[in-house]
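Comments concern the structure below.
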Amino acid sequence: MATSDGEEIKRPRFLTTLQRKVELLQRRLKNKEKGSNNRHKLNQKIARLHQRITDTRKDWHFKLAHHLCDGVGMIFVEDINFVSWQRGMLSKHSADAGFGQFFNILEWVWLSRDVYFAKVNKDGTSQTCPNCGAHTGKKTLDVRVHHCHECGYTTTRDVAASQEIRNRGITSVGQMVAGRLTSFEETSQALGPKNVCGLRATGRITRDALVGGGRSRKLAS
């Protein structure tokens with residue numbers, strides 16, 4: 001994960017860290033007689049290990065969600081179908097990260113902390129330069145740097161994508177506030193672009209940057 005203001009967040013690999021231990025226990029389970037006390041005890045041990053992974057992941061998700069909401073007024077995320085992610089080649093890593101659970105927790109946290117939350121179109125976020133809006137073309141997963149040949153802007157791929165998500169969120173809020181099609185330049189000037197930051201698949205704006213200092217729920221009404 002990376003924020004649009006350059007913060008890069010490494011997620012703990014909950015399942016992979018303990019996967020070896022789970023595999024060893026499951027291998028031992030095959031040698032236990034069905035219905036035996038030893039098999040029952042080993043099943044309980046495996047279940048406790050899985051529960052430990054689940055609890056640790058959930059705790060980290062809550063801490064990360066509160067970290068993202070600290071001192072901000074808006075959060076924007078990509079509108080992603082995480083179920084389909086878990087069917088692809090990155091299914092194991094996607095399940096380990098628990099993205100679906102994280103965004104559900106994030107929605108609960110923003111609501112409890114009075115932070116405006118919205119989803120934006122996910123298409124082309126890594127193919128658009130957040131600095132000038134030029135189309136930079138498709139990138140393979142091994143390409144981790146964004147470089148625009150139009151304006152020369154260079155940053156990491158994830159930071160550039162989160163900045164584009166932030167831009168789309170700002171534009172959508174500008175349209176909602178003004179009740180008309182508003183340019184990104186007009187909206188970002190009104191909201192205070194220096195206070196904009198966010199997460200890969202998330203953009204966020206400080207509460208002080210809201211138009212007239214109003215609360216985020218007023219923008220949603």
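Quick note on numbering: full-length UniProt numbering labels position 58 of the sequence shown as 58, and the sequence is numbered without any gaps.
Virtual Cβ for every residue (Gly too), placed ideally from N, Cα, C.
To the nearest angstrom, report how far apart I9 and F102 are at their CA atoms.
-> 14 Å
Skipping 5 residues on each side, what residues in its chain have a beta carbon closer than 6 Å to that of A160?
-> P130 and H146
Let me know the secondary structure DSSP gives V173 once reduced to three states.
-> helix
Given a threshold of 16 other Cβ atoms within 10 Å of its Cβ, counted over all protein chains shown, does W108 qualify as buried or as exposed?
-> exposed
Roughly how many angstroms separate the alpha carbons of G169 and F76, rounded to a whole number?
-> 6 Å
Which of helix, strand or coil DSSP assigns to K119 = strand
Please name the residue, chosen from K63, R52 and Q26, that lies closest to K41 on a Cα-to-Cα basis.
-> Q26
In three-state terms, what does DSSP make of G73?
-> strand
V109 - containing alpha helix (DSSP H), residue span = F99 to S112
If you draw a straight line from the alpha carbon of P12 to that of Q19, how long is it in whole angstroms?
-> 13 Å
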